[in-house]
Amino acid sequence: MTLAAQIKCLASDALHALFPEAGLDASQITINLTKPEFKGHYTIVLFPFVKALRMKPADLGDKLGNYLLEHSQLFSACETVSGFLNLSIRDSYWPGFLLNHFNDTCYGDAPKHDYRVMVEYSSPNTNKPIHFGHMRNNFLGFAVSNILKSQGRQVVMANLVNDRGIHICKSMIAWQRYGQGATPESTGIKGDHLVGDYYVRFNDAFKEEVNALMAAGKDKEAAEKEAPIMKEAQEMLRRWEAGDAETRQLWATMNGWVYKGFDETYHRLGIHFDKYYYESETYLLGKKIVEDGLRSGVLYRKEDGSVWIDLSAEGLDQKLLLRGDGTSVYMTQDLGTARLKYDEYKLSKSIYVIADEQNYHMQVLRLIMQKLNEPAADGIYHLSYGMVELPTGRMKSREGTVVDADDMMDEMIRLAKEQTEAAGKTEGFSPAELHTLYEMIGLAALKFYLLRVEPKKKMIFDPRESIDLHGYTATFIQYAHARICSILRRENLPLLPDATHFQNFQLTQPLTDGEAGLLIHLEQYPALLATAAQEYNPSLLCNYAFTLAQAFNSFYDDHSITKAENEEKKSLRLMTIIMTAQVLRHSMNLLGIRLPEKM
RNA sequence: GGCCUCGUAGUUCAAUGGAUAGAAUAGGAGUUUCCUAAACUUUUGAUACAGGUUCGAUUCCUGUCGAGGCUACCA
Numbered sequence: 002m003t004l005a006a007q008i009k010c011l012a013s014d015a016l017h018a019l020f021p022e023a024g025l026d027a028s029q030i031t032i033n034l035t036k037p038e039f040k041g042h043y044t045i046v047l048f049p050f051v052k053a054l055r056m057k058p059a060d061l062g063d064k065l066g067n068y069l070l071e072h073s074q075l076f077s078a079c080e081t082v083s084g085f086l087n088l089s090i091r092d093s094y095w096p097g098f099l100l101n102h103f104n105d106t107c108y109g110d111a112p113k114h115d116y117r118v119m120v121e122y123s124s125p126n127t128n129k130p131i132h133f134g135h136m137r138n139n140f141l142g143f144a145v146s147n148i149l150k151s152q153g154r155q156v157v158m159a160n161l162v163n164d165r166g167i168h169i170c171k172s173m174i175a176w177q178r179y180g181q182g183a184t185p186e187s188t189g190i191k192g193d194h195l196v197g198d199y200y201v202r203f204n205d206a207f208k209e210e211v212n213a214l215m216a217a218g219k220d221k222e223a224a225e226k227e228a229p230i231m232k233e234a235q236e237m238l239r240r241w242e243a244g245d246a247e248t249r250q251l252w253a254t255m256n257g258w259v260y261k262g263f264d265e266t267y268h269r270l271g272i273h274f275d276k277y278y279y280e281s282e283t284y285l286l287g288k289k290i291v292e293d294g295l296r297s298g299v300l301y302r303k304e305d306g307s308v309w310i311d312l313s314a315e316g317l318d319q320k321l322l323l324r325g326d327g328t329s330v331y332m333t334q335d336l337g338t339a340r341l342k343y344d345e346y347k348l349s350k351s352i353y354v355i356a357d358e359q360n361y362h363m364q365v366l367r368l369i370m371q372k373l374n375e376p377a378a379d380g381i382y383h384l385s386y387g388m389v390e391l392p393t394g395r396m397k398s399r400e401g402t403v404v405d406a407d408d409m410m411d412e413m414i415r416l417a418k419e420q421t422e423a424a425g426k427t428e429g430f431s432p433a434e435l436h437t438l439y440e441m442i443g444l445a446a447l448k449f450y451l452l453r454v455e456p457k458k459k460m461i462f463d464p465r466e467s468i469d470l471h472g473y474t475a476t477f478i479q480y481a482h483a484r485i486c487s488i489l490r491r492e493n494l495p496l497l498p499d500a501t502h503f504q505n506f507q508l509t510q511p512l513t514d515g516e517a518g519l520l521i522h523l524e525q526y527p528a529l530l531a532t533a534a535q536e537y538n539p540s541l542l543c544n545y546a547f548t549l550a551q552a553f554n555s556f557y558d559d560h561s562i563t564k565a566e567n568e569e570k571k572s573l574r575l576m577t578i579i580m581t582a583q584v585l586r587h588s589m590n591l592l593g594i595r596l597p598e599k600m
C-alpha cells in the first residue's frame, strides 16, 4: 500500500476514534504532498471537517496530529499550518522501502487480472504516408497499451487499416493517368510516399478540371460534381465493390507498396500491433448488420434506396448507413469491425485512439450499436486526442502542407548528432555506437514532445523551430540516467547492502531534504502509474519522470555518492540512485523511450 | 444557426475545489582543482472578461468575448 493510502487509513481511524459521535465521512479525507516551503512530506486537509466538528482548524490539526504520532510509527513530526496538517515521515521508514524495491524491475506494475481490453490505434489510410499528426496517435496508442499492460490488463494492440474507399480510388486513378507504370522499385521512392504523391496529383488535376468547367460557366458545386476525374474515381469505387478483377489487382498492388512503407516507418517508430483489421474485410459484415437492423425496424430505407438511422430523439440528426447505390460508408464498416473485435476477444473494453475531429462520429457509433442491441456497445471508449497543428492551421495532405513522419525522424536524429558533437561528447564511442545514440536521443525527443501534453489538448508545432533537447525533454531524463549509470560503473563503490546494514532499519544519521525528497518521489510511482492507466494519460508519466530527474539532478549536485560521509549513507544513496534509474527506465520504457547508459 | 472542445508568464505546458497558481524556454545574475555543466543555483514575468455557488474557484454554474472542431451519399 502506498504511503498516501496508509495515511488516509490512519487518518480515518483517528477521526473515528477521536470523534465517534460526529459521523464524519472518511471519503472527504484528502492527502496531498506537502508544499516545499513547509516542513513535512504529506498533508491532510482539515477544512472538510472543521464545520461538522465546530472546531478551529488549528485545534483539530493538533489533536489529529498528536493522535497520529501516538498511534503510528510512521511519523516523526507534525505541524498544523492554517488548516493543513503537515506530517513528516520517519527516516526509519526508508531503509526497508529501499531494500524491498531498489532493484525490483517490476516496481510500479500491478498484478495480472482477466480484464481484456483492445487498443485500436494508428489506423492509417492507405492513400498517403504517415505524418507528424499521426505520430501523436501512434505514440499515444502504444504508450496507453503498455501502461494498461503494466497495470495487469490483457491488452490487444490493434490496427484497423482503412484500405478501401473513394480516397484510395483517387490515388489509383491518378496513377493510371499519370504514372506510366511507376513502381517503388523503378523510382526508388518509398511505397507509401509514391502513392501519396498520386493522391496529391489527383487533387491538382481535380482542381484544374473544376477551374476549367467554372471558366466555361458552371457554378462551383456543379463543376465539382462533373469533373471527369472525380467521376472516374466514383466509377472505380463501384467497380471495386463489384469485385472487378482488374481493379482489385491494381488496388492490391498499390496497397502492397503502402504496407511495405508503413512497416518500415512503424519499425523506426518502435511500435507494433498484435492484430490487423482491414476495412475491406469488415465492411461486408457491417452491411449485414445494417440489413438486420433494417429488418428489426431500428433502421429505415428512403425512397432512393439509402439506409438511415434516426437519432433525433437523442438530440442528434439522421445518419446515413448505406448509400442509395448500395455502397457502404465509414460508419458501415465501423459497425462490422466493432462486432468482430468483440466476438473475437470477448472484450471488457474497446478503446479507439482517434483524433477529436471524430468525437461526433464515435458518439454516433456507440449509440447505433446500443440501438442495435450489440453487446460490444457498452465497452466502446473513444480516447480522443487534439490534433497537431501548424502555426498556419491544420496539416492537409491534399495541399502538401504536412510534416512527414519519416522526414521528421531524420531531422531529429540529425539534431541529436549536431548537439552531441557541439557538446563534445563523442569521445569513447565507436561510429556504430554513436549512430545508435543519435537515434535514441532524436526519437526519444520526438516521442516525449508528442506525449508530454495531455491527450485531449490540441498542440501547435512550428516546423521552423526544431524540437528542443533541453528543459522539459526526454534528453534531460536520458542525461540523468546516464549520469547514474556512470556512477555505477565506478570501482570504489560499496557493496550492495542487505538488511544487516541497517540495525532494525534505524539510521544513525538523519536524512537530508534532498535524500528524503528523492525517496518521497520514488514512493509516488506506483500510484502515479495507476492513475495514468485509469485516465489513459501518458503525459502524467512524462511529467513524473521529468520531475524525478530534476530531483535527482539537485540531489546529485549537493550529495556525493562515492564520497558519502559514512558507509550507511553510501549504501542508502547507492540504493536510492539505482532505484531512480530503475524507475526512469520503467516509466520511459512504457512510452517506448530508451535511456542510454552513456551520453 | 445548432452541438462539442479550449482560452493560464513573451512562448510551450502543469495544477483529484485547497496553502503565496508550478515547470520549461526566452531575458537578467551566478556555479566547474570534487561521481558527466545536455547540469545546478538565483531573478523578472500569467488565470480572457463579468457575475454566481463555497470556509476556499484556474477548476463547478450562468452570461459576454475569442480560437478550433463537428454538423457530407469524404474517410
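Numbering (my numbering), first residue to last: 2 to 600. Built from N, CA and C at the ideal position, the CB exists for glycine as well.
The C-beta distance from V259 to D326 rounds to 27 Å, too long to fall under 8 Å, and the pair is not in contact.
By the C-beta criterion, the segment 154 to 164 is judged not to be in contact with the segment 364 to 371, since fewer than 3 inter-stretch pairs fall below 8 Å. In this structure, the straight-line span from the alpha carbon of I355 to that of F103 is close to 38 Å. Excluding sequence positions up to five before and after T328, its CB lies within less than 6 Å of the CB of E242, all in the same chain and listed in chain order. Contact holds between the segment 506 to 520 and the segment 551 to 561, because three or more Cβ pairs, one in each stretch, are under 8 Å apart. Annotated three-state conformation of G401 is coil, per DSSP. At the C-beta level, S351 and M119 come within 7 Å of one another. Q181 sits in coil when the DSSP states are folded into three classes, being neither helix nor strand.
Between the beta-carbon of L348 and that of Y278 there is about 13 Å, and that puts the pair past the 8 Å contact cut. Apart from sequence neighbours up to five positions away, the residues of its chain that approach V330 with a beta-carbon distance below 8 Å are L321, L322, L323 and R324, ordered along the chain.
The segment 38 to 50 and the segment 81 to 96 touch, with no fewer than 3 CB-CB distances between them shorter than 8 Å. K226 has its alpha-carbon roughly 57 Å from the corresponding atom of A528. Between the segment 283 to 292 and the segment 121 to 132 there are fewer than three C-beta pairs closer than 8 Å, too few to call the two in contact. Judged by DSSP secondary structure, Y43 falls within the beta strand (DSSP E) whose first and last residues are Y43 to V46.
Pairwise C-beta distances place the segment 134 to 142 out of contact with the segment 295 to 312, as fewer than three of them are shorter than 8 Å. In the three-state reduction of the DSSP assignment, I478 falls in the helix class. In the displayed model, Q583 falls within a helix according to three-state DSSP. For Y450, the uninterrupted alpha helix (DSSP H) run begins and ends at P432 to L452, by DSSP. Within 10 angstroms of the beta-carbon of K570 lie 16 or more other beta-carbons, which makes it buried. Burial check for E121: the Cβ neighbour count within 10 Å reaches 16 or more, so the residue is buried. Counting only runs of at least 3 residues, the segment 112 to 192 fully encloses the following beta strand (DSSP E) elements, listed from N- to C-terminal order: 117 to 121 and 155 to 162. Counting only the Cα atoms, Y473 lies some 39 Å from D335. Straight-line measurement puts the Cα of C486 at about 17 Å from the Cα of E428. In the DSSP assignment, I355 forms a beta bridge with S385. Between T81 and D63, the CB-CB gap stays under 7 Å. Beta-bridge partners assigned by DSSP to C79: L88. By the criterion of at least three beta-carbon pairs nearer than 8 Å, the segment 464 to 471 is not in contact with the segment 539 to 550. E492 sits exposed, since fewer than 16 C-beta atoms from the chains shown fall within 10 Å of its C-beta. When DSSP assignments are scanned along the segment 288 to 349, the uninterrupted stretches of beta strand (DSSP E) that are 3 or more residues long and fall wholly within it turn out to be 308 to 311 and 319 to 323. K457 and E358 have their C-alpha atoms roughly 11 Å apart.
For a cut-off of 8 Å, the C-beta gap from M255 to V196 is around 6 Å, short enough to register as a contact. Non-local C-beta neighbours of H168 in its own chain, meaning closer than 8 Å and more than five positions away in sequence, comprise N126, N128 and Y200, ordered along the chain.
Comparing alpha carbon positions, the residue from D105, I174, L54 and E598 closest to L435 is E598. The Cβ atoms of K9 and I30 sit closer than 7 Å to each other. CA-CA distance, I381 to V211, rounds to 41 Å. L34: member of the beta strand (DSSP E) spanning I32 to L34, first to last residue.
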